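Visitor: Pasting a structure here, questions to come.
Protein chains: 2
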Amino acid sequence: MVVPVVPSLAQRKRQLVSDELREIALQLLARQGYDNTTVDEIAAAAGMSRRTFHRYYASKEDVVIQLLADVGDQVQTELAARPSAEPPAEALRRAVGVAIDFCSGHHDPVKMLAVVRLILGTPTLHARFLSLQAEAQAGLTGVLAARLGLPPDDLYPEMAVRMALAAFDAVLERWAASSGSLDPQELTDAAFAVLAPALRG
Amino acid sequence: MVVPVVPSLAQRKRQLVSDELREIALQLLARQGYDNTTVDEIAAAAGMSRRTFHRYYASKEDVVIQLLADVGDQVQTELAARPSAEPPAEALRRAVGVAIDFCSGHHDPVKMLAVVRLILGTPTLHARFLSLQAEAQAGLTGVLAARLGLPPDDLYPEMAVRMALAAFDAVLERWAASSGSLDPQELTDAAFAVLAPALRG
DNA sequence: GCCTTCGCTGACACAGCGTGTCAACACTGC
DNA sequence: GCAGTGTTGACACGCTGTGTCAGCGAAGGC
């Protein structure tokens, strides 16, 4: 059973609508603010009813957040793909680098900065963002533990991943606060330099 | 201008109602689950209208979460109160210990465990919990930076606090998952042992 | 004593979110 | 052409959180 390369025209169409809907939503939310924008407004701007909006995104938060869910998976994939001989510090640094790149090295950096600022500046979205990160943490911990051949209840992999994510948060916040003027990769290196002594190489 | 030791009968009364309301709410939420319990139910159980409930707590989440907001302040106070000669690792360990003690060393540990499990097991509450922690992180970072005489934009205090909170989360999760059978203070020591090399003493 | 004032309360009404349901429509493959 | 599948809008519903208003009781001034 091979998954078709072209995932059935219907699904492509759905993806297309889904993407454009998010585009419109993000633009509107960034302009008016999260709380000042209703789902009805977004739906109307996209030329559809509120009910249809919810067929693409379960909630207003999801339009913004789901973007980052994909990144979480990419980070986990990257960590799993790093050479197994690589020390955890380096592997984690690279994995976090993927997330940082997604934010700052985006094809439209200005828009991405706006989205990040929207998330960090909106309590509801910030909370969801952290929650998503907690999920990612669980997955990453499993991957790292497997890499190191440690039992899944060992404290080290969990703490190592939590430290790496702490670095990510610190970097993201400072990058957003500087309006993108600070170099995210340099910030990440600096943060990991602090963590290095505890990450064992 | 001295703040009265007895904060005006009206305020005491308000505090009393507030406490009992939370008691009833927590009991109901823990029994039925967060999503299966409406604010109307809680209010009815406390013998008041939904409108009055919201005069004491801004939202259903707040009944549960506000409890922890106070703990956040206590942790910050503890960190500020630690002798300034104390190395950051020890000061942070003690500060986090206050939060751990509040959860596990509570007068009614069974109830507290139920609340913690409720929070960690309910996505909405977990998200709010993390959000609250992010606020606390900002405050703690300021205190630690001041302690160390470092500029407020130095990376070290921020990362140190984030690491300490990462330890707190890891401990809390494992303690809750073990149904309180694991010793929280030992867990905390173990987590801080991992962090120690990066916390500079 | 009465009366004013303040805080608390319940009873509405309202906007917003998210969901279930149903009929209408389009587009696929037989 | 026709049945089957998927998408859409319309409507109704329950739940949350807030504004508003009138009623009620306790505290304090005259």
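Chains as they are written, first to last, in my numbering: chain P, 20 to 220; chain S, 20 to 220.
Even glycine gets a Cβ: it sits at the ideal position worked out from N, Cα and C.
Just so you know, these numbers come straight off a predicted model, no measurement behind them.
Contact defined as beta carbons within less than 8 Å: I believe I84 of chain S pairs with F187 of chain S. What is the distance between those atoms, to the nearest angstrom?
Guide: Actually they do not touch by this definition, with Cβ atoms about 16 Å apart.
Visitor: Check the Cβ of E177 of chain P against every Cβ in chain S and list those closer than 7 Å, keeping chain order.
Guide: Near E177 of chain P (Cβ distances below 7 Å), the residues of chain S are A189.
Visitor: Where does G116 of chain P land, buried or exposed, given buried means 16+ other C-beta within 10 angstroms?
Guide: Burial call: buried.
Visitor: Please report how far the alpha carbon of V22 of chain P lies from the alpha carbon of A99 of chain P, in whole angstroms.
Guide: Only weak support exists for where V22 of chain P lies, its pLDDT of 44 falling under 50; the value from the coordinates is given anyway. The straight-line gap from Cα to Cα measures roughly 23 Å.
Visitor: Could you tell me whether any Cβ in chain S is nearer than 8 Å to the Cβ of R41 of chain P?
Guide: Closer than 8 Å: no.
Visitor: What is the residue span of the alpha helix (DSSP H) that E39 of chain P lies within?
Guide: Here the alpha helix (DSSP H) through E39 of chain P covers 27 to 51.
Visitor: Give me the Cα-Cα distance between A64 of chain S and E80 of chain S, rounded to the nearest whole angstrom.
Guide: If you take the alpha carbons of A64 of chain S and E80 of chain S, they lie about 17 Å apart.
Visitor: Helix, strand or coil: which one does DSSP assign to G140 of chain P?
Guide: Note: G140 of chain P maps to helix in three-state DSSP.
Visitor: Just checking: is the beta-carbon of S37 of chain S within a distance shorter than 8 Å of some beta-carbon in chain P?
Guide: It does not; no Cβ of chain P falls within 8 Å.
Visitor: Tell me the DSSP secondary structure of V21 of chain P in three-state form.
Guide: For V21 of chain P, the predicted model reports a pLDDT of 45, less than 50, meaning its position is unreliable and no value from the coordinates is stated.
Visitor: Under 8 Å between C-beta atoms, does L48 of chain S make it to chain P?
Guide: Chain P, which has no Cβ nearer than 8 Å to the Cβ of L48 of chain S, makes this no.
Visitor: I need the DSSP call for H126 of chain P, collapsed to helix, strand or coil.
Guide: H126 of chain P: coil per DSSP, three-state reduction.
Visitor: Check whether the Cβ of M182 of chain P lies closer than 8 Å to any Cβ atom in chain S.
Guide: Output row for M182 of chain P: interface = yes.
Visitor: With a threshold of 8 Å between beta-carbons, can V117 of chain S be considered close to chain P, or not?
Guide: Judged by the 8 Å Cβ criterion, V117 of chain S is not in contact with chain P.
Visitor: So what does DSSP say about R219 of chain S, is it helix, strand or coil?
Guide: Coil, per DSSP.
Visitor: Applying a beta-carbon distance threshold of less than 7 Å, which residues of chain P neighbour R147 of chain S?
Guide: Ordered by position in chain P, the residues that pass the 7 Å Cβ test against R147 of chain S are A146.
Visitor: For M20 of chain S, collect the residues of the same chain with a Cβ closer than 7 Å to its Cβ; drop the 5 residues on either side in sequence, then sort them by chain order.
Guide: Note on M20 of chain S: pLDDT 44, under 50, position unreliable in the model; no value is reported.
Visitor: So, with DSSP's three-state summary, where would you put R101 of chain S?
Guide: Coil, per DSSP.
Visitor: If we call anything under 8 Å between Cβ atoms a contact, is L167 of chain P one with P107 of chain P?
Guide: It is a contact, given that the beta carbons lie within the stated cut-off.
Visitor: Alpha carbon to alpha carbon, how far is D208 of chain P from A77 of chain P?
Guide: So the alpha carbons of these two residues sit roughly 37 Å apart.
Visitor: Please look up how many angstroms separate the CB atoms of L184 of chain P and Q152 of chain P, rounded, as I've assumed it's under 8 Å.
Guide: Rounded, the Cβ-Cβ distance is 6 Å, consistent with contact.
Visitor: In its own chain, which residues sit with a C-beta less than 8 Å from the C-beta of A195 of chain P, not counting the 5 before and 5 after it?
Guide: Here the set comprises L132, V135, R136, L139.
Visitor: Who are the Cβ neighbours of S68 of chain P in its own chain at under 7 Å, not counting the five residues just before and after it?
Guide: Counting only Cβ-Cβ distances below 7 Å, and skipping sequence neighbours, we find A62.
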